[in-house]
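What follows is a set of notes on a single structure, which appears directly below.
Chains as they are written, first to last, in the working numbering: chain W, 1209 to 1407; chain P, 1209 to 1407.
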């Protein structure tokens, strides 16, 4: 069953295509070995495209818009936002038991130790999916505490799977746990407390 | 005193300029409200630039290169990499007492809750700077455990300051602490254990 939270992140194909193109550009920017004059020309062309796109910009960040135009409020989210080229973006799937999972590959843009995913990126992914177990439509949850344990290094450019589940709920607090791993077991695990603000 | 770790992230101006241009493009991609035909044209232009940059690409991620060409090994790092458009990038300053600090602004690309920094991004920043207290030239440290506490929401597009310090060292383990805050005090704080692999 597809998570309503993931569905909220859908935006129109034209914005998604633009973001996907920019993701490929980010990867090439990090890895290019072309001559410096080609890089300088590319920089000028990118500046021209940015100017075209900037003739009409929403004020502030994406989630601050007041309009309802079919684009989900999370389209700009740094983890799941279809319009955010910095986001992988993750697609979060929800099971009937309240657990969530996602499968993804992180490329050169997410590097920490040579050839490996930055530990902070793993923490970010876990914060998001543990939080997703506590989210309910119209009732967001915010992270109170997150504890992340690193068991072994996480490789770039390899299929990864992350999952999270609720351990217990006490009043406004949801205690969640989760992990990132592959067929050989977990690489990073986490526990977190997520809080529903009192209305 | 400028951190040697930060100095290692320097890359040549042409690569830095390209990455800075792509960062502006990322922001415009998230926030643009131009007509769909302009977005489609922009997408095609970006794909052409990516093709130009991709005529020579290093295999794998940046840190996996075997060459010594003056570009620091951390130039592709997702937090501090001058060549990585996904990185803010942070500039980490080190004091004589071993503590580190950085000042930065996070824009629309780092959004979680509407108008605010994603909690996972704060965790990523803290993982990096706490880890930086344990790093020594030629002797990297890896995160063992990181615990992050969220005190109040962190706004986008406002000056933030983060700092980290060593609490104690026990054999191969460095116990570090740190926080992200502003003039009103801390927003997010963290404790972490960082491990130097035995040689």
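Every residue gets a Cβ at the ideal spot worked out from N, C-alpha and C, and that includes glycine.
Using a Cβ cut-off of 8 Å, which residues of the region 1329 to 1347 of chain P contact any Cβ in chain W, in chain order? Correct list: 1329, 1331, 1332, 1333, 1334, 1335, 1336 and 1339.
Length of the line joining the Cα atoms of residue 1304 of chain W and residue 1373 of chain W: Taking the straight line from one Cα to the other gives about 11 Å.
Report back the beta-carbon spacing between residue 1395 of chain W and residue 1341 of chain W to the nearest angstrom; my notes put them in contact at under 8 Å. Between residue 1341 of chain W and residue 1395 of chain W the Cβ distance is about 20 Å, and since that is not below 8 Å, they are no contact.
With 7 Å as the limit, tell me which residues of the region 1252 to 1266 of chain P have their beta carbon closer than that to any beta carbon of chain W; keep them in chain order. Result list: 1253, 1254, 1255, 1257, 1258, 1260, 1261, 1262, 1263, 1264, 1265 and 1266.
Go ahead and label residue 1264 of chain P buried or exposed: buried means 16 or more other beta carbons lie within 10 angstroms of its beta carbon, across all protein chains shown. By the neighbour-count rule (16 or more Cβ atoms within 10 Å), residue 1264 of chain P is not buried but exposed.
Within 8 Å of any Cβ in chain W, is that where the Cβ of residue 1299 of chain P sits? No, its Cβ sits nowhere closer than 8 Å to a Cβ of chain W.
Buried or exposed for residue 1293 of chain W, please, with buried defined as at least 16 other CB atoms from any protein chain shown within 10 angstroms of its CB. Under this definition residue 1293 of chain W is a buried residue.
Tell me whether residue 1279 of chain W is buried or exposed, calling it buried when 16 or more other Cβ atoms sit within 10 Å of its Cβ. Counting Cβ neighbours within 10 Å, residue 1279 of chain W comes out buried, since at least 16 surround it.
Can you give me, in chain order, the residues of the region 1228 to 1244 of chain P that have a beta carbon less than 7 Å from any beta carbon in chain W? Listed by position along the chain: 1229, 1230, 1232, 1233, 1234, 1236, 1237, 1238, 1239, 1240, 1241, 1242 and 1244.
Going along chain P in order, which residues have a C-beta closer than 7 Å to the C-beta of residue 1357 of chain W? Neighbours of residue 1357 of chain W in chain P, taken as residues whose beta carbon is under 7 Å from its own, are 1353 in chain order.
When P/1345, P/1400, P/1364 and P/1228 are compared against residue 1167 of chain W, the one with the closest alpha-carbon: It is not possible to answer for residue 1167 of chain W, since the shown part of chain W is limited to 1209 through 1407.
With 16 other CB atoms within 10 Å as the buried threshold, where does residue 1423 of chain W fall? Because chain W is modelled from 1209 through 1407, residue 1423 of chain W falls outside the range shown and cannot be assessed.
Would you mind listing the alpha helix (DSSP H) stretches within the region 1238 to 1309 of chain W that are 4+ residues and don't spill past its ends, in chain order? Runs of alpha helix (DSSP H) with 4 or more residues, each lying fully within the region 1238 to 1309 of chain W, are found at 1244 to 1261, listed in chain order.
Using beta-carbon positions only, say whether residue 1185 of chain W and residue 1364 of chain P come within less than 8 Å of one another. In the structure as shown, chain W starts at 1209 and stops at 1407, and residue 1185 of chain W therefore has no counterpart that could be examined.
Proximity of residue 1260 of chain P and residue 1246 of chain W at Cβ, strictly below 8 Å: When the beta-carbon positions are compared, residue 1260 of chain P and residue 1246 of chain W come within less than 8 Å of each other.
Name the residues in the region 1373 to 1403 of chain P whose C-beta lies less than 7 Å from a C-beta of chain W; which are they? Those would be none; no residue qualifies.
Where the alpha helix (DSSP H) containing residue 1354 of chain W begins and where it ends: Here residue 1354 of chain W belongs to no alpha helix (DSSP H); instead the beta strand (DSSP E) covers 1350 to 1358.
Under 8 Å, Cβ to Cβ, is there at least one residue of chain P near residue 1226 of chain W? Yes, residue 1226 of chain W counts as interfacial toward chain P.
Chain W contacts from the region 1302 to 1321 of chain P (Cβ-Cβ distance under 8 Å): Shown in chain order are the members of the region 1302 to 1321 of chain P whose Cβ falls below 8 Å from a Cβ of chain W: 1315, 1316, 1317, 1318, 1319, 1320 and 1321.
Could you check whether the Cβ of residue 1349 of chain P sits closer than 8 Å to any Cβ belonging to chain W? Interface annotation, residue 1349 of chain P: not in contact with chain W, CB-CB separation never under 8 Å.
Enumerate, from N- to C-terminal direction, the unbroken alpha helix (DSSP H) stretches of 4 or more residues contained entirely within the region 1327 to 1403 of chain P. DSSP runs (the alpha helix (DSSP H)) wholly in the region 1327 to 1403 of chain P: 1327 to 1342.
Is the region 1346 to 1354 of chain W in contact with the region 1343 to 1356 of chain P, if contact means three or more CB pairs nearer than 8 Å? The answer is yes - the region 1343 to 1356 of chain P touches the region 1346 to 1354 of chain W, with three or more Cβ pairs under 8 Å.
Suppose you measure from the CA of residue 1423 of chain W to the CA of residue 1402 of chain W; what does that come to, to the nearest Å? Lying outside 1209 to 1407, the shown extent of chain W, residue 1423 of chain W is not represented and no answer is given.
Could you give the distance in angstroms between the alpha-carbon of residue 1262 of chain P and the alpha-carbon of residue 1254 of chain W? Taking the CA atoms as reference points, residue 1262 of chain P sits about 15 Å from residue 1254 of chain W.
Do we get a CB-CB distance below 8 Å when we pair residue 1362 of chain W with the residues of chain P? At least 8 Å separates the CB of residue 1362 of chain W from every CB of chain P.
For chain P, is any of its Cβ atoms less than 8 Å away from the one on residue 1367 of chain W? No, no contact with chain P.
Using only the alpha-carbon positions, how far apart do residue 1326 of chain P and residue 1318 of chain P sit? Rounded to the nearest angstrom, the two C-alpha atoms are 6 Å apart.
Rounded to whole angstroms, what's the CA-CA distance from residue 1329 of chain P to residue 1346 of chain W? Just pull it up for me. Taking the Cα positions, residue 1329 of chain P is about 23 Å away from residue 1346 of chain W.
Label residue 1324 of chain W either buried or exposed according to how many other C-beta atoms from any shown protein chain fall within 10 Å of its C-beta, with 16 as the threshold for buried. Within 10 angstroms of the beta-carbon of residue 1324 of chain W lie 16 or more other beta-carbons, which makes it buried.
Contact list for the region 1282 to 1299 of chain P against chain W, Cβ threshold 7 Å: Under the 7 Å Cβ criterion, the region 1282 to 1299 of chain P contributes 1284, 1285, 1286, 1287, 1291, 1292, 1293 and 1294.
How many whole angstroms separate the CB atoms of residue 1376 of chain W and residue 1387 of chain W, which I take to be in contact at a CB cut-off of 8 Å? Under the criterion of beta carbons closer than 8 Å, residue 1376 of chain W and residue 1387 of chain W do not qualify as touching, at roughly 18 Å.
Return helix, strand or coil for residue 1223 of chain P, following the three-state DSSP convention. If DSSP states are grouped into helix, strand and coil, residue 1223 of chain P belongs with the helices.
Between residue 1280 of chain W and chain P, is any beta-carbon pair separated by less than 8 Å? For residue 1280 of chain W, the closest Cβ of chain P is not nearer than 8 Å.
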